[in-house]
Amino acid sequence: MTTGATLPSTSASPTARQLWTRARGIVLALVLLLVAAVAIAAIRSTERHGGLDPRSADPYGSRAVAELLADRGVDTRVVTTLDEARAAAGPDTTLLIAVPDLLTHPQQSRLHSATAESDGRTLLVAPGSWSVERLAPGVVADPATSLDSTLSPDCALPATQRAGTADTGGIRYTVTVPGYDECYPSERLPTLVRIPAATGDGDTVVLGAPDILYNDTLDEQGNASLALQLLGSRPHLVWYLPSLSDPSATDPDEEKGFLDLLPSGWLWGTLQLFFAAALAALWRARRLGPLVPEKLPVAIRASETVEGRARLYRKANARDRAATALRSTTRTRLAPLIGVPVTQAHAPEALLPALSAHLHRDGDGQPLHSLLFGPPPGDDAALISLADQLDALEREVRRP
-4 MTTGATLPST SASPTARQLW TRARGIVLAL VLLLVAAVAI AAIRSTERHG GLDPRSADPY
56 GSRAVAELLA DRGVDTRVVT TLDEARAAAG PDTTLLIAVP DLLTHPQQSR LHSATAESDG
116 RTLLVAPGSW SVERLAPGVV ADPATSLDST LSPDCALPAT QRAGTADTGG IRYTVTVPGY
176 DECYPSERLP TLVRIPAATG DGDTVVLGAP DILYNDTLDE QGNASLALQL LGSRPHLVWY
236 LPSLSDPSAT DPDEEKGFLD LLPSGWLWGT LQLFFAAALA ALWRARRLGP LVPEKLPVAI
296 RASETVEGRA RLYRKANARD RAATALRSTT RTRLAPLIGV PVTQAHAPEA LLPALSAHLH
356 RDGDGQPLHS LLFGPPPGDD AALISLADQL DALEREVRRP
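If you read the sequence shown in our numbering, its first letter stands for residue -4, the second for the next number, and so on.
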């Protein structure tokens, strides 16, 4: 077809610049996501490395309190399995459980049965609702944590009176059995509870926050005094760091469902992916509402208009729409030339017989039907061939 101006030859394949323009948004998003993941991993690795480990000198480790206890004649031994922790329980031992919530319910029951009659001290560090009711019966974790970190003892327990204020603010507890020592209250709920054993001199201490054990905060408030008194009442300290690789954490007879096999936090991760997909959909759906026609402030050459629309069709891979536009425009221009009203230009039964008679062609008119009303082309080469054939047909009709 002719438009009154010579079109510059353009390649049907996108250039490297066009590919970069299309993909730069996705590449930038992937780079930002990678940088954020690396930054988060680096922050977490530096902040929590060796947390509550008496061998670690990191800010959240507990090497400082272990060395202070050693100066006072208390030896510290680290264990990582339930069997070692149960075997170590005794009247001359303080058993510290660093992360009680990592223990399974069967592990908690076995550990409680071993420590209940040991006449030693058991210290639970920040146990939540998952573990505190099994390891310390009569104590329930409150859903709302303490708003303040530094609290006053407000109880008669000698160790807390000597230590004074300390950073125990964390999980708050509700005591359902009378006779327990309730200390460092926050909004009338204690953050430290001492549970004396039914018989003997043993007891269990529930500590709502691990701050008094950290290297970084041991020298603040009365943290060091409280930590040394709670952990130094016996000559031996067994520091139990629960491990997920402990064989006792798995029950070979227990049948697990599909959701039990998924890692923790999968629900939150799925929710994040959903919001990310929703934001991506909103980002891609930039055109809200119908198009509004607007008069152009300057005259645009026909060649530029044709080329611009062609590039849009190519970018969207809309060969069907491009072929439809070419055929419709050709039929509209051919109809007046062969004596067919424009209103019937798109009706094959009206256009094709008149067109065949004008061209003096014999046969059933099938090639003309395929050319003007056929299926969309399958690739760019077929689309270019269709445009050439339509252009040749129009020139043939216009030829005197």
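Think of the CB as a built atom: it goes at the ideal place given N, C-alpha and C, for glycine as much as any other residue.
Would you kindly work out how many angstroms separate the C-alpha atoms of residue i and residue j, rounded to a whole number?
i	j	result
residue 325	residue 382	10 Å
residue 136	residue 33	35 Å
residue 378	residue 315	9 Å
residue 102	residue 90	15 Å
residue 204	residue 270	33 Å
residue 398	residue 179	Because the chain in this structure spans residues -4 to 395, residue 398 falls outside the shown range and cannot be described.
residue 69	residue 96	27 Å
residue 366	residue 387	11 Å
residue 42	residue 209	Because residue 42 sits at a pLDDT of 48, beneath the cut-off of 50, its placement in the model cannot be relied upon, and the following sentence gives the value as read from the coordinates. Distance between the alpha carbons of residue 42 and residue 209: 12 Å.
residue 350	residue 394	13 Å
residue 58	residue 50	5 Å
residue 288	residue 264	44 Å
residue 292	residue 35	51 Å
residue 375	residue 311	12 Å
residue 358	residue 343	Confidence at residue 358 is low in this model, with a pLDDT of 43, below 50, so its placement is unreliable and no value can be given for it.
residue 347	residue 389	14 Å
residue 320	residue 30	46 Å
residue 274	residue 267	11 Å
residue 173	residue 61	33 Å
residue 121	residue 201	7 Å
residue 192	residue 132	11 Å
residue 234	residue 15	57 Å
residue 345	residue 305	30 Å
residue 303	residue 26	32 Å
residue 177	residue 238	30 Å
residue 277	residue 24	15 Å
residue 87	residue 216	29 Å
residue 369	residue 313	16 Å
residue 113	residue 272	55 Å
residue 261	residue 48	28 Å
residue 220	residue 22	55 Å
residue 290	residue 296	15 Å
residue 294	residue 300	10 Å
Identify every residue that forms a DSSP beta bridge with residue i.
i	result
residue 383	For residue 383, which the question treats as bridged, DSSP gives no partner whatsoever.
residue 231	70 and 88
residue 170	134
residue 117	90 and 199
residue 161	146
Since residue i is in the beta strand (DSSP E), which residue starts that stretch and which ends it?
i	result
residue 185	184 to 191
residue 127	Per DSSP, residue 127 belongs to no beta strand (DSSP E); it is in the alpha helix (DSSP H), 127 to 130.
So which of the options has the shortest CA-CA distance to residue i?
i	options	result
residue 67	111, 224, 304 and 347	224
residue 63	330, 305 and 232	232
residue 372	186, 322 and 333	322
residue 197	299, 75, 11 and 228	228
residue 396	268, 375, 347 and 181	Residue numbering for the chain in the displayed model covers -4 to 395; residue 396 lies beyond these limits and cannot be assessed.
residue 194	335, 116, 125 and 380	116
residue 85	272, 320, 199 and 241	199
residue 188	125, 118 and 298	118
residue 335	352, 320 and 319	352
residue 279	10, 12 and 20	20
residue 46	94, 304, 392 and 175	94
residue 55	157, 156, 201 and 213	213
residue 124	79, 138, 53 and 92	138
residue 211	385, 217, 297 and 52	52
residue 148	111, 218 and 109	218
residue 142	185, 294, 12 and 307	185
residue 380	290, 294 and 317	317
residue 222	230, 158, 328 and 362	158
residue 111	190, 22, 220 and 11	190
residue 340	332, 327 and 92	327
Just checking my contact of residue i with residue j at CB under 8 Å: how many whole Å lie between their CB atoms?
i	j	result
residue 105	residue 140	Actually they are not in contact, since the Cβ atoms of residue 105 and residue 140 sit about 28 Å apart, beyond 8 Å.
residue 73	residue 236	6 Å
residue 244	residue 71	Contact flag wrong, Cβ pair sits at about 24 Å.
residue 161	residue 207	6 Å
residue 134	residue 170	6 Å
residue 130	residue 107	5 Å
Return the first residue and the last residue of the alpha helix (DSSP H) that residue i is part of.
i	result
residue 305	297 to 310
residue 108	100 to 111
residue 181	Per DSSP, residue 181 belongs to no alpha helix (DSSP H); it is in the beta strand (DSSP E), 176 to 181.
residue 315	314 to 332
residue 77	77 to 83
residue 264	261 to 279
residue 344	343 to 354
residue 239	Residue 239 -> no alpha helix (DSSP H), and no H or E assigned at all.
residue 224	218 to 226
Heavy atom of the ligand ATP less than 8 Å from the Cβ of residue i, yes or no?
i	result
residue 368	Ligands are entirely absent from the displayed structure, and the ligand ATP is therefore not among its contents.
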